[in-house]
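Working notes, structure below.
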Amino acid sequence: MADAEQRLIPVRNPRTGAVDFQLKVSPPEEVAAKAARLRANQKAWAARTTAERVAVMRRWLEAVSRKAQALAEADAVDTGGCHTSYLQGFITMGNIGGWIEDAEAALDRALYEGPSRSMPTVEVRSQLVPYPLVGIISPWNAPMMLALLDAVPALFAGSAVLLKPSEVTPRFVEPLFETVAEVPELAAVFDHVMGDGRTGQDLIANADLVCFTGSVPTGRKVAVACAERLIPCFLELGGKDPAIVTASADLDRAATSVLRGAVHATGQVCFSVERIYVDASAHDDFVALLVEKAGKVRLNSDDPRAGHLHPFTFAPQAEIVASHVADAVAKGARVLTGGQVETIGGGLYMRPTVIVDVAHDMTIMRDETFGPILPVMRYQTIDEAVALANDTAFGLTASVIAGSEEEALPIARRVNAGAVFIQDTFLTFGKNRTVGTHSFGWSGLGGSRTGPESILRFVRRKALMTQHGPVADILDDHHLGKPGQPGGAKR
Ligand code: NAP
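Everything in the sequence shown is counted per our numbering, starting at 252 for the first residue and increasing by one.
See the structure below:
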């Protein structure tokens, strides 16, 4: 297709508000052609041993480390200058480096060779067969990290990967794929297409498995499209994550931790703290500390590297956050700090927004806000705190801050969430290579994205079964089901 005919999407710079980037949309035939190329090349990639793939990925790691600075800068322009953006090079290196260490053992552990326990004359060998083409659809928050979180283990598993990043934050893609181009064996099986939801649907139409990170409404559309094709999809969706602070907690520590957990990256993090429940006896002191600490948080409007909060990455998000605040105020809540969208140099900002006198009939306590909000509600008993925390359609993460771990742990065990952080917030990266987690409710669907089993999402487990004993005779079928006979219970 000629350039003139190619659909272009204008991209807004979150700091200046100006459209300073244009994205060329991949037409459906380009998506199909890239998918076909990757699918053809995947055969050789899958035929390599895991150790050989690790060696290729090690060279990619070197290319990423040489370009870490440029990757961080591009991600920071995309987001508006989030702290995490400046760490993106290192985060990506950690993701690749982690799987370099873990991939072989994680895949080997899934293999079995030996007698069948239910049919002892049968020998079973397992084989791991990677899904040929994994489609990744990623969101605009933490754009590079979330584009790669599933892509990297899929590549180690032997799949090819076609990525569609969000149209809102596409600037990191070019430097990222420059690093991929430095490793031809990887470039053969890892590519990207650009565009909006339509391109996302084109990607689904060509993939064998889809990993989606984004909102619940889009997640539903993705799940339906994958169901139509009967292909697996893994959904990592939104959250409305609660924090519980008990009467005996160190309130200064609790306020410090909750503030960061709620406003880091301007609250545009899936596992941001979005609801805070505090014992009634500690409520006023906690709120006073929160207000004091919130007052020290600075916007990064003058210098992206200097302040603490960056502009809204996606302009419509500012309106959503403002509408949640307005709904709360209309229903009787009081805004103690922040709460206003401020336009500075074309960027849209909001300061940490402490809100009290909130209740569960307010949107701000029910829907994902994705902004720097701290709605605080008092509770009388732990049972009430747990009930409030669990009164949600979501269940991504939660936090419990108490006087001691012993006090917090039983509370944490009762909260419905894929990960509960104890005596702190925002510990999600701690689980990445360690344990698997499944989100509750609308926050996710499918196998764990973290821990060793994350990589196993990308392989089909096949069984090769040899009969070493006599074959069963149809004429003798009445023995089936008797102890000691093929198909029967073990004695
Ligand atoms: P989104 O609007 O759902 O978009 C996610 C991706 O889906 C984007 O690439 C988007 O493309 C694409 N898309 C849109 N419509 C589509 C369709 N009909 N079919 C296929 N793909 C389609 O989410 P977002 O606003 O970018 O991201 C914020 C959300 O992600 C929040 O809800 C946040 O909680 C969630 N999130 C979850 C996690 C997690 O791990 N659980 C992590 C981070 C973020 P365009 O952007 O180009 O339209």
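Beta carbons are placed, not taken as given, at the ideal position from N, Cα and C, and that holds for glycine.
Checklist entry - What is the residue span of the alpha helix (DSSP H) that VAL440 lies within? => result Premise fails: VAL440 is in no alpha helix (DSSP H) and is neither H nor E.
Next on the checklist: Please classify HIS611 as buried or exposed, where buried requires at least 16 neighbouring CB atoms within 10 angstroms.
Outcome noted: exposed
Next on the checklist: Is it the case that the stretch 273-281 contacts the stretch 600-619, given that we only count it when at least three CB pairs across the two stretches are under 8 Å?
Outcome noted: no
Checklist entry - Is any heavy atom in the ligand NAP found nearer than 7 Å to the beta carbon of LYS472? => result yes
Item to check | Under the three-state DSSP convention, the category ALA740 falls into | outcome: For ALA740, the predicted structure reports a pLDDT of 41, less than 50, and the residue's modelled location is therefore unreliable. A value from the coordinates is still provided. In the structure shown, ALA740 sits in coil (DSSP, three-state: anything other than H, G, I, E or B).
Checklist entry - Can you tell me the Cα-Cα spacing of ASP728 and ALA670, whole angstroms? => result 50 Å
Item to check | Segments assigned alpha helix (DSSP H), at least 4 residues, entirely inside the stretch 516-545 | outcome: 531-545
Item to check | Complete alpha helix (DSSP H) runs within the stretch 366-407 (minimum length 4 residues, chain order) | outcome: 394-399
Next on the checklist: For GLY489, tell me which candidate among ASP618, GLN339 and ASP634 has the shortest Cα-Cα distance.
Outcome noted: ASP618
Item to check | Same chain only: Cβ atoms within 6 Å of ALA297, ignoring 5 sequence neighbours per side | outcome: PRO381 and GLY409
Checklist entry - At which residue ranges does the stretch 620-651 contain complete beta strand (DSSP E) runs of 3 or more residues, listed in the order of the chain? => result 624-630
Checklist entry - Can you round the beta-carbon distance between VAL315 and THR430 to whole angstroms, since I take them to be within the 8 Å contact cut? => result 5 Å
Next on the checklist: Please report the straight-line C-alpha distance between GLY365 and VAL722, rounded to a whole angstrom.
Outcome noted: 19 Å
Checklist entry - Less than 7 Å between the CB of VAL524 and some heavy atom of the ligand NAP, yes or no? => result no
Checklist entry - Ordered along the chain, which non-local residues of its own chain (more than five positions away) have a Cβ less than 8 Å from that of GLN659? => result First, the residue type needs correcting, since residue 659 is Ala and not Gln in the sequence shown. Result list for ALA659: THR497, VAL651, ILE652, ALA653, ILE673 and GLN674, in chain order.
Checklist entry - Residues in its own chain within less than 8 Å of LEU259 by CB, not counting five upstream and five downstream? => result GLN273, LEU274, LYS275 and VAL276
Item to check | Reference ALA287, options LEU639, VAL586, HIS443 and ASN264, closest by Cα | outcome: HIS443
Checklist entry - In three-state DSSP terms, what is GLN257? => result coil
Checklist entry - So ARG511 is in the alpha helix (DSSP H); what residue range does that whole segment cover? => result 502-514
Item to check | Whole-angstrom distance between ALA581 and THR343, CA atom to CA atom | outcome: 43 Å
Checklist entry - Leaving out the 5 sequence neighbours to the left and right, which residues in its chain are closer than 6 Å to SER694 when beta-carbon positions are compared? => result LEU488, GLY490, PHE645, GLY646 and LEU647
Checklist entry - What span of residues does the alpha helix (DSSP H) with LYS285 cover, start to end? => result 279-298
Checklist entry - Just to confirm, are LEU437 and TRP311 a CB contact at a threshold of 8 Å? => result yes
Checklist entry - Going by Cα to Cα distance, which pick from LEU540, VAL262 and VAL548 is closest to ALA557? => result VAL548
Item to check | Buried versus exposed call for PHE211 [16 or more other C-beta atoms within 10 Å across all chains shown] | outcome: Look at the range of the chain in this structure, 252 to 742, and you will see that residue 211 is not part of it.
Checklist entry - Between ARG480 and the rest of its own chain, which residues show a CB-CB distance below 8 Å, the 5 nearest in sequence each way excluded? => result ILE455 and ALA456
Next on the checklist: At the level of alpha carbons, what is the spacing between LEU338 and ASP401?
Outcome noted: 18 Å
Checklist entry - Would GLY589 pass as a contact of PRO555 if the rule is Cβ separation under 8 Å? => result no
Checklist entry - Under the three-state reduction of DSSP, which class applies to MET252: helix, strand or coil? => result Here the model assigns MET252 a pLDDT of 45, short of 50, so the residue's position is not dependable, and the following value carries that caveat. Here MET252 sits in coil by DSSP.
Checklist entry - Is the distance from the Cβ of ALA494 to the Cβ of VAL509 below 8 Å? => result yes
Checklist entry - Is it right to say ALA302 is buried, meaning 16 or more other beta carbons lie within 10 angstroms of its own, or is it exposed? => result exposed
Checklist entry - If you check the beta carbons only, do THR330 and HIS534 fall under 8 Å apart? => result no
Item to check | Spatial neighbours of GLU593 in its chain, beta-carbon cut-off 6 Å, leaving aside the 5 residues before and after | outcome: TYR600
Checklist entry - Smallest Cα separation from VAL424: which of ALA325, VAL666, VAL586 and ARG263? => result ALA325
Next on the checklist: So for ARG360, helix, strand or coil by DSSP?
Outcome noted: helix
Item to check | Cβ distance (whole Å) where ARG290 is taken to contact PRO383 below 8 Å | outcome: 5 Å
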